[in-house]
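>
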Amino acid sequence: MNLHISLLSVSTLAAAVMAATAAMAQPLSPPMMGGPVAPPSSQESTSLLARLAAFDQARETTRTLTAPRYSFRLAAHHPGAEGQKISRVQHTYEGLRVFGSEAVVVTDSTGAIVSASVTDRRPGAQSLAAGDAAAAPAPADLKPKLSPQQAITVAIRSVRDGMPKIEHRWQPVAELLLYPVVTSTRTAAAANKPEAQLNALDVQEVVQRYALAYYVKTRMVRDRQPVYHDTIVDARTGAIIAQWQALQTAGDGGGGTGAGTGTGTGNSQYNGVVALSTSPNGSQFRMLDATRGKGGRFGGMAITNADHSSMYNPDPGDVYVNATNTWGDGKQYNGGSTTDANGQTAAVNAFWGLMNTYDTNRNVLGWQSLDGNNTATHIAVHVDRDYDNAFYDDRCKCMFIGDGGSYFYNLGSIDVIGHEMSHGVTAATADLVYSGESGGLNESHSDIGGEMVEAYARAGGTGAVIPAKGNDWMVGQEISRDKKPLRYMVKPSLDGRSADAWSTSLKQLDVHYSSGPNNRMFYFLAQGSNADPASDAHSKYLVKSPQAMTGIGNDKAYRIWFRALSTKFTSSTNYAVARAKVLEAAQELYGADSKEAVAVQRAYAAINVGEDIDEAK
């Protein structure tokens, strides 16, 4: 919906926000997220957007942000800390969404704004607050010459690239919007710095121009491989302005009823004998757990058997059913039946991983399922034949896991499942654009989530704290046939492709490799660094005292990171903005001058994002 709103008293709102911010700056016990929240009523939406408009105008120095020219769309809502709600609001201009221009608004039980994290890319912006881009004027003509179908045809042709056989897995969609064409420039202070000395904070984003464009999403299959792309097509000329690979995978090559549950026994491939929360189904048992998620396609968390269904077919198949409540043989799939003990092992891997991912976020953070509102998800196993990847698909809000082929065994290891479900969390919250620096942060959140789930599950999968040890800081090592992981979080460049630190060329990398610096930052934040230059955990950018920074543990690091992702990041957040927002999250949780806030600054400094500081005060 697009609600036109009037302004409230700017001074009243500013005073309220300042008071709330001051209160949040005091050291607190980490709050848990509240339970699922109902969609806001029309009256609540109108009130929220009116308050946001006043907040918006209060920070503005050059524009009068009046409706209908400047307005908002309420895009999503989630539970915040107990008593609070998180709303994601899109900026519009003349009724069109401005791509990447958004606000994340946290409100209290009365509807008052506690905090608002804004990325402003609307026409006419001049200020360069964190996340904003100085903007050019909007196009004078906002009438498209192309139809949505014509834009879709342009996008499909660009992806087809001469390939004769390419089919739709999901039907394409096109949205008309205002697209800011953004470039990076140096700040005035860094104008004469050598390129090699540039820090992420030396660069700012500027809108060169705006284009009336279609945002086209194509979800196709070619040679039994999913080919997902997002394409920005100029709505007046048909030119392609931008395009990126949109398949959210673990590796590169991509960028019911409320039935009671019982405890089944699973023989898993990577974790030995595990407990499974199955459901009775007459005299049989199903891999469906209605206590972990509601609604969705199957009424609860479920594992389905794709039974080698072609990649062209997005149907996940039926929920796994067994005559007994003992599942799997613990061995790699041998290519035979997908329903006998050997075929069930892939389902055991997926179910145990999905249960533990859900429990990590719920028990530690209070966050339920993908969206915080406990919407159920599912995983389809035995996808196609010899499929050497796993991916999250936001059309069905579900995951697809391959059996492996030339390079991998079954892709259902605990960290890979945690990785893929974390893509669903990102899609439901920050929805980080899967390209450039924001795409690297998207992938990094999934790697972080996978590692934290691994640490939690290895310690038994219970309690409200993530253990300090237990994960290996390597993504996908268990599934690798040559035992080389997909990614190394301590020193990402060990894979030969990932970056260890920010540079101006980072945004040009595949998102699985531009994730490297943020993965390393998180390792330093949780575990600390090493002063020995020969150590993989050494950073040349740490020059203050002590040279080996002190980590704060997995639990605190994950709480800080998740708070930033869920309450502060927008779809266009880059590394510099991520640092600012993660620091805000640390200060809100543990205090402005806390050791946790200092650790955030040092961890980002260790990857060339911001300056290093001394730990001792």
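In this note's numbering, the protein residues as written are 1259 to 1875. Every residue gets a Cβ at the ideal spot worked out from N, C-alpha and C, and that includes glycine.
Measure from the alpha carbon of Q1845 to the alpha carbon of each residue in S1829, A1815 and I1865, then state which is nearest.
It is A1815 whose Cα lies nearest to the Cα of Q1845.
> If we call anything under 8 Å between Cβ atoms a contact, is G1719 one with S1680?
Against a cut-off of 8 Å, the Cβ pair of S1680 and G1719 comes out as no contact.
> Run through the region 1734–1785 for me and flag every whole beta strand (DSSP E) of 3 or more residues, listed as ranges in chain order.
Counting whole runs of 3 or more residues, the region 1734–1785 contains no beta strand (DSSP E) stretch at all.
> Closer than 8 Å by C-beta to V1461: which residues in its own chain qualify, once you throw out the five before and the five after it? Chain order, please.
The residues are S1442, T1443, R1444, T1445, A1448, T1762 and A1834.
> A1398: buried (16+ other C-beta within 10 angstroms of its C-beta) or exposed?
So A1398 ends up on the exposed side.
> Any idea if T1322 is buried or exposed, counting beta-carbon neighbours within 10 angstroms, 16 or more meaning buried?
When all chains shown are included, T1322 counts as exposed.
> Given this structure, state the Cα-to-Cα distance separating L1354 from D1790, to the nearest angstrom.
Using only the alpha carbons, I get a separation of about 53 Å.
> Would you mind working out which of P1402, G1382 and H1487 sits nearest V1464, comparing C-alpha positions?
Answer by Cα proximity: G1382.
> Out of curiosity, what's the CA-to-CA distance linking T1350 and G1341?
Going from the Cα of T1350 to the Cα of G1341 covers about 29 Å.
> Measuring CB to CB, does P1294 end up less than 8 Å from A1339?
No, these two residues do not count as a Cβ contact at 8 Å.
> How about F1649 and M1657: are their beta carbons less than 8 Å apart?
Yes, the Cβ-Cβ distance between F1649 and M1657 is below 8 Å.
> Return the CA-CA distance between A1795 and Y1862, expressed in angstroms with no decimal places.
Answer to the nearest angstrom: the Cα atoms are 14 Å apart.
> Alpha carbon to alpha carbon, what distance is there between R1643 and M1569?
M1569 and R1643: Cα-Cα distance of roughly 9 Å.
> Would you call the CB atoms of A1225 and L1783 closer than 8 Å?
The requested residue 1225 does not occur in the structure, where the chain is confined to residues 1259 to 1875.
> For D1651, which three-state DSSP category applies?
Note: D1651 maps to strand in three-state DSSP.
> Where in the region 1800–1825 do unbroken runs of the alpha helix (DSSP H), each at least 4 residues long, occur, reported from the N-terminal end onward?
Listed in chain order, the complete alpha helix (DSSP H) runs (minimum 4 residues) inside the region 1800–1825 are 1812–1825.
> How would you call A1688, buried or exposed, if buried means at least 16 neighbouring beta carbons within 10 angstroms?
With 16 or more Cβ atoms within 10 Å of its Cβ, A1688 is classed as buried.
> Using a Cβ-Cβ cut-off of 6 Å (strictly less than) and excluding sequence neighbours within five positions of V1639, which residues of its own chain qualify?
Cβ neighbours of V1639 beyond the five flanking positions: A1604, A1605, A1608 and I1659.
> Ordered along the chain, which non-local residues of its own chain (more than five positions away) have a Cβ less than 6 Å from that of S1797?
Excluding positions up to five away in sequence, the list reads S1787 and A1864.
> Please list the terminal residues of the continuous beta strand (DSSP E) segment that includes E1463.
Note, E1463: beta strand (DSSP E), V1461 to R1480.
> Tell me, to the nearest whole angstrom, how far the beta carbon of V1579 is from that of N1539; I am working on the premise that it is less than 8 Å.
That pair is a contact at about 6 Å.
> Using the beta-carbon count (16 or more within 10 Å), is K1839 buried or exposed?
K1839 should be labelled buried.
> Apart from the five residues on each side of it in sequence, which residues of its chain come closer than 6 Å, Cβ to Cβ, to R1716?
Excluding positions up to five away in sequence, the list reads G1728.
> Pick from G1698, D1673 and Q1408: whose alpha carbon is nearest that of I1498?
Ranking G1698, D1673 and Q1408 by Cα distance to I1498 puts Q1408 first.
> Helix or strand or just coil, what does DSSP make of N1668?
It is coil, neither helix nor strand.
> Where does the unbroken alpha helix (DSSP H) through W1625 begin, and where does it stop?
Where W1625 is concerned, there is no enclosing alpha helix (DSSP H), given that its DSSP letter is neither H nor E.
> For V1356, report the span of its beta strand (DSSP E) as first-last.
Element bounds for V1356: L1354 to T1365.
> Please classify A1333: does DSSP put it in a helix, a strand, or coil?
Looking at A1333 - three-state DSSP - the assignment turns out to be strand.
> Between which two residues does the beta strand (DSSP E) harbouring S1852 extend?
Segment: none, S1852 is in no beta strand (DSSP E) and carries neither H nor E.
> Excluding five sequence neighbours on each side, which residues of the same chain lie with their C-beta closer than 6 Å to the C-beta of D1872?
Taken in chain order, the residues that qualify are K1802 and S1803.
> Expressed to the nearest angstrom, what Euclidean distance is found between the alpha-carbon atoms of G1670 and G1611?
Distance between the alpha carbons of G1670 and G1611 is about 7 Å.
> My parser needs the alpha helix (DSSP H) runs of 4 or more residues fully inside the region 1546–1623; what are they?
Here the runs fully enclosed are 1599–1618.
> Give me the Cβ distance between R1555 and H1636, rounded to the nearest whole Å; I'm assuming they're in contact under 8 Å.
Between H1636 and R1555 the Cβ distance is about 6 Å, and since that is below 8 Å, they are a contact.
> The beta strand (DSSP E) that contains D1488, what's its start and end?
Run containing D1488: Q1483 to D1492, per the beta strand (DSSP E) assignment.
> Take V1364 as the anchor and find which of V1356, P1395, M1613 and L1332 has the nearest alpha-carbon.
Of V1356, P1395, M1613 and L1332, the residue nearest in Cα terms is L1332.
> So, do the region 1770–1778 and the region 1746–1759 have three or more beta carbon pairs nearer to each other than 8 Å?
As far as the Cβ criterion goes, the region 1770–1778 touches the region 1746–1759, which means the pair count is three or higher.
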